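Peer 1:
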Amino acid sequence: MASRPPISIGFKTSPNGVEWTVLDELWAAVGEHEIYRAIWVADHLTDAGVPRGGASWEAMTAVAALAHRVPGKWIGIGVLSNTFRQPVVLAKQA
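Heads up: take any position in the sequence shown, counting from 1, add 148, and you land on our numbering.
#1: I think K221 touches I187, with their Cβ atoms under 8 Å apart; what is that distance to the nearest whole Å?
#2: Looking at V227: is its Cβ nearer than 9 Å to the Cβ of A190?
#3: Look up W168 in the DSSP assignment and say whether it is helix, strand or coil.
#4: If I follow the unbroken beta strand (DSSP E) through V189, where does it start and stop?
#5: Report the residue from V166, L174, V198 and E206 whose alpha carbon sits nearest the alpha carbon of L238.
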């Protein structure tokens, strides 16, 4: 009988309208649990749920700053919207 691969569970956070300390603590908590193999953020330049747009952390910068909280885990950005950025700048960020 072949062994089954382990279940891979990811965790998605939103950078919209959240204090940095909350995001930092959440990523730290996810980093402590082995069940989570990946963590993701959404890519929004503003909070679309607020009239006239609201605060949101930029996705590439946020994952770069939070990566140390989740050692050994996959980090991703859900639907990285390249229409917001120049391709060369996005390539340098990656």
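The beta carbon of each residue, even a glycine, is placed where N, CA and C say it ideally should be.
Source: prediction; values computed, not measured.
Peer 2: Looking at the atomic coordinates:
#1: By one-based count along the sequence shown, residue 221 stands at place 73. By one-based count along the sequence shown, residue 187 stands at place 39. Confirmed, about 6 Å.
#2: Residue 227 sits at position 79 when you count from the first residue of the sequence shown. Residue 190 sits at position 42 when you count from the first residue of the sequence shown. Contact: yes.
#3: As a working mapping, residue 168 is identified with position 20 in the sequence shown. Note: W168 maps to helix in three-state DSSP.
#4: Taking the sequence shown and counting its residues from 1, the one referred to as residue 189 is at position 41. Counting along the chain, the beta strand (DSSP E) containing V189 begins and ends at Y184 to A190.
#5: Counting from 1 along the sequence shown, the entry for residue 238 is found at position 90. That would be E206, whose Cα lies nearest to the Cα of L238.
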